[in-house]
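2 protein chains.
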Amino acid sequence: MASEETQAPFSAEQFFATQPPPPTLDEDVARVRQFIKRHTEANQKIVLVTSGGTTVPLELNVVRFLDNFSAGTRGATSAEYFLKAGYAVIFMHRQFSLQPFSRHYSHSTHPFLDFLDVDEHEVPARIDVKSSERPQLLSVLSQYKQAHEGGTLHTLTFVTVNDYLWLLRALSQELYVCGRNVLFYLAAAVSDFFLPRQKMSEHKIQSGKGSLHIEMDQVPKILKPLVSEWTREGFIVSFKLETDHNLLIPKARGALARYGHQVVIGNNLHRRKFEVVFVAPAAVNSGTRPTPGQEPSEVDPKDFVETWLRIDLAKDPHKEIEEDIVAELVRRHQLWASAA
Amino acid sequence: MASEETQAPFSAEQFFATQPPPPTLDEDVARVRQFIKRHTEANQKIVLVTSGGTTVPLELNVVRFLDNFSAGTRGATSAEYFLKAGYAVIFMHRQFSLQPFSRHYSHSTHPFLDFLDVDEHEVPARIDVKSSERPQLLSVLSQYKQAHEGGTLHTLTFVTVNDYLWLLRALSQELYVCGRNVLFYLAAAVSDFFLPRQKMSEHKIQSGKGSLHIEMDQVPKILKPLVSEWTREGFIVSFKLETDHNLLIPKARGALARYGHQVVIGNNLHRRKFEVVFVAPAAVNSGTRPTPGQEPSEVDPKDFVETWLRIDLAKDPHKEIEEDIVAELVRRHQLWASAA
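Chain order of the listed sequences is A and B.
Just so we're aligned: the first sequence equals residues 15 to 354 in the numbering used here.
Just so we're aligned: the second sequence equals residues 15 to 354 in the numbering used here.
Shown next as structure tokens:
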């Protein structure tokens, strides 16, 4: 289904010059700026977590869209562990994807209405939480209140890949002031393809005319300018999700060689709950950033270090692999920040 | 983007002969059969509500898929009003789309964690509902408990358009036994296109090879066999969602003429919260079903009656148009059932 035809993909500059920004961009950025200012002044580390899938609308009046599989579990879970580790968290997620704290109470798998009881004997009637659910709810609730009262969690949303790219650029430029104290945790499942505004149909595509043909352009490789221009000193973690296990390491290495950032976390769609691999340039562990703009051909595979993280869900079914992922990243980020 | 090329679309028979059923089909149907049996014996009317969008996976190991815009608001809201009207409700919805009752507590717009307080003075700590939220929660909770204790709501889920079509066929065949006592409320946003299993790529489509080309086949027109074969006596309501207002009535009339069912509810994407139009064959109002198989060309536009339903959200911001939609359908279904 991927065509053989090659076509010069949009560069990041061409993308931003031709595709319209989301209407709320300025407000969103102003709010994030306040958040960054407050936590930078308090000398607190900041993490930008992106989470959930992006859509590619096929119509201006959107009825149909291409989407990427992602409930947002990785991002929402990791955000909680970053908060626990003392980070201020900017949680930039797909609208209606999972969020920290409320993720424990999915309306489909753990609906909160199920564990509320009504006590009609009191006037007015009292609503009680079933005792079996109370310990977990108390724990989630206290972390939730703490994050809200401490102002350590800032949430903003995107829907389309266009929204995502505009927001990521603007936020990374704002985060420039943090120097090495910022971590980028790019867990969102971003579409590789998009439909330029100029090619969209205005109204719902009508059926009844035979089969549907869609032709999409490549999304510009945003990590390139992110690493080498927008946020030169941030610690940048990207993700590779593959279904073909043999592609995991080569694709992760390829991304590192191309963009020169700090870590690629590789995960297989079917094993991602209990196994991930950190791929990183050997040099980053000692806090030396590779030269931006270095070409893939110049990088030797022995310059990369792979570290597998695995958990045993049979032994500990409540363990979340994000706890270990975040612990390892906090450690590496600390090295990176102190090596400045 | 819709091609000019025409291609013989799959018939429903061809579709079911070549596309695999969802793995849980038999279990799902067995549970619905029990539900139908119980409520038919109690002489209770049944409604099948379908809700939410369907996906079209592009890969066997699904990462990317085409989707239809739908949060499931119409279906979830209507299901509540059908329950209030005394119907037994089969709620067949897209996984993670809105559901009756919990829809009032979206994690994004009305998170329940926000209105819980912890009283640390008691041991063990007590969790309380903020007084401002208590009246609504008590009302929602009591309806929720009533539906669950009375066994009047049966929920099952789909994800892909393939799941949807297999389930709809199987459920409509089960509902045959209800004769005229069953209403079909087909509010799901079903894809017009699909990718036959035989054309899917096994693994994630790789980018980096230029632009993406997708070619999809037309989904068979399922209303045709639904109306004329699977459930000859059910009262069938389908929906048309358009963004081009001028297409609403012609498309609704076209569907009625083609399939010979009872009501098409037309709605404009941007006005659907406060305005819909019922389009129905004049004859249905007196309880006479049009001859199935009648061709569009044989139907005169004057044989159709249009009824607009509008609500004034400025006057009553809490009014839901689904209340009026369901009331009108309950009335029409009553006429239909008693005219047998």
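Positions of the beta carbon are idealized from the N, C-alpha and C atoms, including for glycine.
For methionine 230(B), decide whether its Cβ has a neighbour in chain A, counting only Cβ atoms nearer than 9 angstroms. Numbered from its first residue, the second sequence carries residue 230(B) at position 216. Closer than 9 angstroms: yes.
Selection of the stretch 243–260 of chain A by Cβ proximity to chain B, strictly under 8 angstroms: Leu255, Glu256, Thr257 and Asp258
In chain order, what residues of the same chain lie with their CB nearer than 7 angstroms to the CB of glycine 86(A), ignoring the 5 residues before and after it? Looking up residue 86(A) in the first sequence gives position 72. Once the five neighbours on either side are set aside, the close Cβ partners of glycine 86(A) are Ser65, Gly66, His107, Arg108, Ser111 and Leu112.
Closer than 9 angstroms to chain B by CB, threonine 357(A): Because chain A spans 15 through 354 in this model, residue 357(A) falls outside it and cannot be assessed.
Terminal residues of the beta strand (DSSP E) in which leucine 181(A) lies: The residue you call residue 181(A) lines up with position 167 of the first sequence. Premise fails: leucine 181(A) lies in the alpha helix (DSSP H), 175–188, not in any beta strand (DSSP E).
Nearest-angstrom beta carbon gap, alanine 201(A) and valine 63(A) [assumed within contact, 8 angstroms]: Sequence index remark: in the first sequence, residue 63(A) carries index 49 (1-based). Sequence index remark: in the first sequence, residue 201(A) carries index 187 (1-based). In this structure valine 63(A) touches alanine 201(A) by the C-beta definition: roughly 6 angstroms separates them, less than 8 angstroms.
Just how far apart, CA to CA, sit arginine 117(A) and alanine 90(A)? Mapped onto the first sequence, residue 117(A) falls at position 103. Mapped onto the first sequence, residue 90(A) falls at position 76. Arginine 117(A) and alanine 90(A): Cα-Cα distance of roughly 7 angstroms.
Along the chain, which unbroken stretches of the beta strand (DSSP E) at least 3 residues long are found entirely within the stretch 238–275 of chain A? 249–256
Within the 9 angstroms Cβ cut-off, does isoleucine 141(B) reach chain A? Walking along the second sequence from the start, residue 141(B) turns up at place 127. For isoleucine 141(B), the answer is yes, since a Cβ of chain A falls inside 9 angstroms of its Cβ.
Does the CB of alanine 203(B) have a neighbour CB from chain D at under 9 angstroms? Among the protein chains of the structure shown, namely A and B, there is no chain D.
Please confirm whether lysine 235(A) and alanine 26(A) have their CB atoms less than 9 angstroms apart. Here residue 235(A) is taken as the residue at index 221 of the first sequence, counted from 1. Here residue 26(A) is taken as the residue at index 12 of the first sequence, counted from 1. Yes, they are a contact pair.
If you check the beta carbons only, do phenylalanine 288(B) and phenylalanine 83(A) fall under 9 angstroms apart? Start at 1 with the first residue of the second sequence, and residue 288(B) comes out as number 274. Start at 1 with the first residue of the first sequence, and residue 83(A) comes out as number 69. Against a cut-off of 9 angstroms, the Cβ pair of phenylalanine 83(A) and phenylalanine 288(B) comes out as no contact.
Identify the contact partners of valine 76(B) in chain A, using a Cβ-Cβ distance below 7 angstroms as the criterion. Translated into the one-based positions of the second sequence, residue 76(B) becomes position 62. Those within 7 angstroms of valine 76(B) in chain A are Phe83.
Tyrosine 158(A): contacting residues in chain B (beta-carbon distance under 7 angstroms): Here residue 158(A) refers to the residue found at position 144 of the first sequence. Under the 7 angstroms cutoff, chain B gives Leu127.
Report yes if the C-beta distance between leucine 283(A) and glutamate 256(A) is below 9 angstroms; otherwise report no. The sequence position of residue 283(A) within the first sequence is 269, counting from 1. The sequence position of residue 256(A) within the first sequence is 242, counting from 1. Yes, they are a contact pair.
Rounded to a whole number of angstroms, what is the C-alpha to C-alpha distance between arginine 346(A) and tyrosine 95(A)? Stepping through the first sequence from its first residue, residue 346(A) is reached at position 332. Stepping through the first sequence from its first residue, residue 95(A) is reached at position 81. One C-alpha to the other measures close to 15 angstroms.
Segment contact, 8 angstroms Cβ cut-off, at least three pairs: the stretch 29–44 of chain A with the stretch 174–185 of chain A: yes
Three-state class that DSSP yields for tyrosine 199(A) in the structure shown: Here residue 199(A) is taken as the residue at index 185 of the first sequence, counted from 1. Under the three-state reduction of DSSP output, tyrosine 199(A) falls in the strand class.
Phenylalanine 105(A): which of Leu197(A), Val76(A) and His135(A) sits nearest, CA to CA? As a first step, residue 105(A) must be located in the first sequence, where it is residue number 91. When only C-alpha atoms are compared, the closest one is Leu197(A).
Beta-carbon of leucine 323(A) versus every beta-carbon of chain B: anything under 9 angstroms? Sequence index remark: in the first sequence, residue 323(A) carries index 309 (1-based). No, leucine 323(A) lies away from the interface with chain B (no Cβ there is under 9 angstroms from its Cβ).
Runs of alpha helix (DSSP H) wholly within the stretch 75–140 of chain B (minimum 4 residues, chain order): 87–98
Taking contact to mean at least 3 C-beta pairs separated by less than 8 angstroms, is the stretch 237–254 of chain A in contact with the stretch 270–283 of chain A? yes
I'd like the list of long-range same chain contacts for phenylalanine 129(B), defined as Cβ closer than 7 angstroms, with 5 residues on each side in sequence excluded. The residue given as residue 129(B) occupies position 115 in the second sequence. Excluding sequence neighbours, phenylalanine 129(B) sits near Val143, Lys144 and Glu147.
Looking at the secondary structure, which residues open and close the beta strand (DSSP E) in which histidine 162(B) lies? Mapped onto the second sequence, residue 162(B) falls at position 148. Note, histidine 162(B): premise wrong, no beta strand (DSSP E); alpha helix (DSSP H) at 148–164.
From the beta carbon of histidine 121(B), is the nearest beta carbon of chain A less than 9 angstroms away? Taking the second sequence and counting its residues from 1, the one referred to as residue 121(B) is at position 107. At least one chain A Cβ lies under 9 angstroms of histidine 121(B).
Leaving aside the five residues before and after tryptophan 244(A) along the sequence, list all residues of the same chain whose C-beta is less than 6 angstroms from its C-beta, in chain order. Locating residue 244(A) in the first sequence gives position 230, counting from the first residue. Ser186 and Gln187.
Between the Cα of glutamate 320(A) and those of Ala22(A), Pro264(A) and Val344(A), spot the shortest distance and give me the residue it belongs to. Position 306 of the first sequence, counted from the first residue, corresponds to residue 320(A). Looking at the Cα atoms, Pro264(A) is the closest of the given residues.
Among Glu337(A), Glu41(A), Val344(A) and Ile50(A), which has the Cα closest to the Cα of tyrosine 190(A)? As a first step, residue 190(A) is located in the first sequence; it is residue number 176 there, counting from the start. Among Glu337(A), Glu41(A), Val344(A) and Ile50(A), the Cα nearest to that of tyrosine 190(A) belongs to Ile50(A).
Interface residues of chain A facing glutamine 276(B) [CB-CB closer than 7 angstroms]: On the second sequence, position 262 is the one that residue 276(B) refers to. What glutamine 276(B) touches in chain A: nothing, since even the nearest Cβ is about 22 angstroms away.
Closest by CA to arginine 285(B), which one among Glu334(B), Tyr101(B) and Phe249(B)? The count along the second sequence starts at 1 and reaches residue 285(B) at position 271. Of Glu334(B), Tyr101(B) and Phe249(B), the smallest CA-CA separation from arginine 285(B) is found for Glu334(B).
What does the alpha-carbon distance come out to for the pair alanine 353(B) and asparagine 195(B)? The count along the second sequence starts at 1 and reaches residue 353(B) at position 339. The count along the second sequence starts at 1 and reaches residue 195(B) at position 181. Between alanine 353(B) and asparagine 195(B), the C-alpha separation is close to 11 angstroms.
Can you pull the chain B neighbours of serine 116(A), defined as C-beta to C-beta under 7 angstroms? Position 102 of the first sequence, counted from the first residue, corresponds to residue 116(A). In chain order: His121, Pro125 and Leu127.
Cβ closer than 8 angstroms: which chain B residues qualify as neighbours of valine 132(A)? Working through the first sequence from its first residue, we reach residue 132(A) at position 118. Ordered by position in chain B, the residues that pass the 8 angstroms Cβ test against valine 132(A) are Leu152, Leu155, Ser156 and Lys159.
Find the residues of chain A that neighbour phenylalanine 79(B), judging by a C-beta separation of less than 9 angstroms, and give them in chain order. Residue mapping note: residue 79(B) aligns to position 65 of the second sequence, counting from 1. Correct list: Leu80, Asp81, Asn82 and Phe83.
Among Ser153(B), Met230(B), Gln160(B) and Tyr199(B), nearest to arginine 211(B) - alpha-carbon criterion: Taking the first residue of the second sequence as position 1, residue 211(B) is located at position 197. Checking every option, the nearest Cα to that of arginine 211(B) belongs to Met230(B).
Going by Cα to Cα distance, which pick from Ile250(B), Ser215(B) and Gln150(B) is closest to histidine 124(B)? As a working note, residue 124(B) is residue 110 in the second sequence. Ranking Ile250(B), Ser215(B) and Gln150(B) by Cα distance to histidine 124(B) puts Gln150(B) first.
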